[in-house]
Amino acid sequence: MNIGIDALGIATSCYALDLATLAEARGIDPLKYTQGLGQQQMSVAPPDEDIVTMAASAADAILSPEDKASIELVLFATESGIDQSKAAGIWVQHLIGLPKRCRIIELKQACYSATCALQMARYFVTAHPNKKALILASDIARYGLNTPGEPTQGCGAAAVLVSANPRLIALDPEYGLYADHVMDFWRPNYRDEALVDGHYSTRVYLSSLGHAWDHYVESSGRTFADHATFCYHLPFTRMAEKAHERLARHTKQQIPSEELLAQIEPSLSYARRIGNSYSASLYVGIASLLENGTIDLGGKRLGLFSYGSGCVAEFFSGVVQPTYQQALHSSRHNSMLNLRQKLNYHEYAELYQFQLPQDGSEAATPQHATSPFRLTGVKNHVRLYERLSESY
Ligand code: CAA
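Read in order, the letters of the sequence shown correspond to residues 120 to 511 in this note's numbering.
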């Protein structure tokens with residue numbers, strides 16, 4: 120029995136900042152951001168959009184009433200949690216009408232947690248093939264104004280429906296793991312912005328890829344050539360290009376650099392415009408590949424690499440299903456990205472400084488969101504949400 124990804128939706132915020140605009144404000148050559156980091160834009164979340172509104176928007180648009188009725192497991196992956204106790208997935212359950220007979224839990228391990236969720240969902244569906252699991256991965260990447268990490272911010276969510284006989288990708292059971300205690304990126308409870316040792320983090324990402332790949336090869340017996348293409352975690356798109364070149368060197372491929380980069384290009388196009396979406400980013404990359412690729416991927420195997428600082432990494436794979444194109448949401452995703460409003464530098468900096476009250480006092484958020492859901496404010500320490508419209 121095949122088990123894997125039956126539907127995949129993504130969402131992001133209603134605003135975008137061109138990195139050329141940021142470069143000008145910082146007095147930096149824009150080519151550093153657009154070529155050196157491979158980023159064109161980053162999504163910016165206004166006060167009334169957060170991990171819950173983005174996850175609800177991503178999920179609601181891909182789920183039929185029958186899908187919703189058969190979901191018994193909701194796994195919310197994030198490193199931008201909104202509560203130290205309650206799982207963000209319970210707000211989403213309420214907003215989009217998921218069943219009350221349901222396990223709902225939140226998972227954290229930097230950008231890796233959605234991949235752990237995917238494997239847990241695979242085990243759940245193996246045991247209960249007529250049930251479905253929903254993975255919500257949603258994050259807002261914040262490094263601070265005028266820091267080296269600033270051009271690698273962004274925000275976004277992915278909703279991944281896992282079922283038997285999936286329409287998009289049948290997951291292979293083999294995987295490769297690597298975990299180690301490293302302090303490359305972390306966020307103590309008292310901070311809104313991540314702390315990061317940027318160059319070290321890129322080195323750990325690349326070495327973890329080699330270790331996870333070696334374990335994957337031991338368990339699967341596959342080679343580089345057994346994969347039609349690859350998708351990588353996308354903190355910025357140039358990172359994935361470096362990862363792909365590293366994997367090709369590691370496995371002694373004789374493929375010209377231009378050809379290698381062309382192999383992964385379709386997986387980069389959404390992240391180039393959204394920026395880093397942490398736990399969602401690999402799944403944003405998979406959506407981008409399936410929806411923007413020029414070759415038919417039906418029946419072809421994808422190599423997938425997930426990396427979460429700290430660190431845990433996993434290399435895994437799956438086979439794209441023959442009729443996958445009928446289950447995509449390409450035009451909705453592209454129009455969502457195109458309809459984002461562009462910010463100037465001052466609007467971005469002002470939104471960045473906004474904070475909800477930290478003492479529970481009542482506050483209403485100004486209306487910015489154009490997505491189906493918004494955070495309306497806080498009252499008695501409780502976050503309040505509303506549905507603005509039907510799905511995107
Ligand atoms: N024209 C073209 N390219 C230029 C340029 C110019 N004028 N100026 C610089 N560049 C190139 C540089 O040569 C460099 O390319 P290479 O790496 O290929 O040499 C690239 O632009 C970046 O330049 P710097 O290394 O000088 O940039 P920086 O020191 O300001 O910071 C960064 C880069 C470390 C990635 C920083 O943005 C950062 O800390 N980001 C956050 C951390 C991160 O994303 N880490 C990724 C791995 S960890 C992970 O994946 C988990 C996660 O999601 C966070």
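Heads up, the beta-carbon is just placed ideally off N, CA and C, and yes, glycines get one too.
Distance CB(Ala-196)-CB(Ala-256) smaller than 8 Å: Yes, the pair counts as a contact, with Cβ atoms nearer than the cut-off.
Under 8 Å between C-beta atoms of Ser-338 and Tyr-297: The answer is no: Cβ separation not under 8 Å.
Lys-361, DSSP secondary structure in three states: The three-state secondary structure of Lys-361, taken from DSSP, is helix.
Selected residue, minimal CA-CA separation from Thr-321, among Gln-154, Asp-303, Arg-493 and Asp-299: Each of Gln-154, Asp-303, Arg-493 and Asp-299 was checked against the Cα of Thr-321, and the nearest Cα belongs to Asp-303.
Where Gln-228 falls: helix, strand or coil (DSSP): In the three-state DSSP reduction, Gln-228 falls in the strand class (E or B).
Cys-430 versus Leu-325: straight-line alpha-carbon distance, rounded: If I take the Cα positions, the gap works out to 12 Å.
Closest Cα partner of Gln-154 within the set Gly-200, Met-358 and Cys-350: When Gly-200, Met-358 and Cys-350 are compared, the shortest CA-CA separation from Gln-154 is found for Met-358.
Phe-355 in three-state terms, based on DSSP: Under the three-state reduction of DSSP, Phe-355 is assigned to coil, being neither helix nor strand.
Nearest residue (CA-CA) to Ala-139, options Ser-132, Leu-150 and Ser-183: Ranked by how close their Cα comes to the Cα of Ala-139, the residues Ser-132, Leu-150 and Ser-183 have Leu-150 in first place.
Where Phe-195 falls: helix, strand or coil (DSSP): Phe-195 falls in the strand class under three-state DSSP.
Collapsed DSSP secondary structure at Leu-557 in the structure displayed: The first residue shown for the chain is 120 and the last is 511, placing residue 557 beyond what the model contains.
Under the three-state DSSP convention, the category Arg-502 falls into: DSSP, reduced to helix, strand and coil, places Arg-502 within a strand of the structure shown.
Proximity of Leu-287 and Leu-409 at Cβ, strictly below 8 Å: By the CB criterion at 8 Å, Leu-287 and Leu-409 fall inside the cutoff.
Residues bridged to Ser-425 [DSSP beta-bridge criterion]: For Ser-425, the beta-bridge partners assigned by DSSP are Glu-433.
Secondary structure of Thr-521, DSSP reduced to three states: Outside the shown range of the chain (120 to 511) lies residue 521, about which nothing can therefore be said.
Check: His-300 C-beta below 7 Å from any heavy atom of the ligand CAA: No; taking the cut-off as 7 Å, the Cβ of His-300 has no heavy atom of the ligand CAA nearer than that.
Environment of Glu-378 [buried if 16+ CB atoms lie within 10 Å]: Classification of Glu-378: exposed, given that the 10 Å Cβ count is below 16.
Leu-458 versus Leu-237 - alpha carbon distance: Looking at the two C-alpha atoms, the distance is approximately 30 Å.
Cβ-heavy atom distance, Ser-320 to the ligand CAA, below 7 Å: Ser-320 Cβ: within cutoff of the ligand CAA.
Inside the region 387-422 only - alpha helix (DSSP H) runs reaching at least 4 residues: Fully contained in the region 387-422 are the following alpha helix (DSSP H) runs of length 4 or more, in chain order: 388-393 and 400-411.
First and last residue of the uninterrupted alpha helix (DSSP H) at Pro-184: It spans 184-189 - the alpha helix (DSSP H) in which Pro-184 sits, taken as one unbroken run.
Distance cut-off 7 Å: Leu-138 Cβ against heavy atoms of the ligand CAA: Leu-138 Cβ: outside cutoff for every heavy atom of the ligand CAA.
Burial state of His-352 (16 or more Cβ within 10 Å): Buried, by the Cβ-count rule.
Bounding residues of the alpha helix (DSSP H) (the contiguous stretch that carries Gly-200): The continuous stretches of alpha helix (DSSP H) do not include Gly-200, and DSSP gives it neither H nor E.
contact_flag[the region 272-280, the region 398-415] where n(CB pairs < 8 Å) is 3 or more: Touching, yes.
For Pro-267, three-class secondary structure by DSSP: For Pro-267, the secondary structure class from DSSP, reduced to helix, strand or coil, is coil.
Rounded Cβ spacing between Gln-396 and Asp-258 (contact assumed at less than 8 Å): Note on identity: in this sequence residue 396 is Ser, with Gln being the wrong assignment. With a Cβ gap of about 6 Å, Ser-396 and Asp-258 count as contacting.
Selected residue, minimal CA-CA separation from Pro-207, among Gly-128, Ile-254 and Val-244: The question names Pro, but residue 207 in the sequence shown is Ala. Answer by Cα proximity: Ile-254.
Of the listed residues Met-120, Leu-214, Leu-136 and Leu-192, nearest to Arg-493 (C-alpha basis): Nearest option by C-alpha distance: Leu-214.
The region 221-234 in contact with the region 331-351 per 3-pair CB rule at 8 Å: In this structure the region 221-234 does not lie against the region 331-351, because fewer than three pairs of beta carbons, one per stretch, are closer than 8 Å.
Closer than 7 Å: Phe-304 CB and nearest the ligand CAA heavy atom: For Phe-304, the distance from the CB to the nearest heavy atom of the ligand CAA is below 7 Å.
The region 309-316 in contact with the region 443-462 per 3-pair CB rule at 8 Å: In this structure the region 309-316 does not touch the region 443-462; the number of beta carbon pairs closer than 8 Å is below three.
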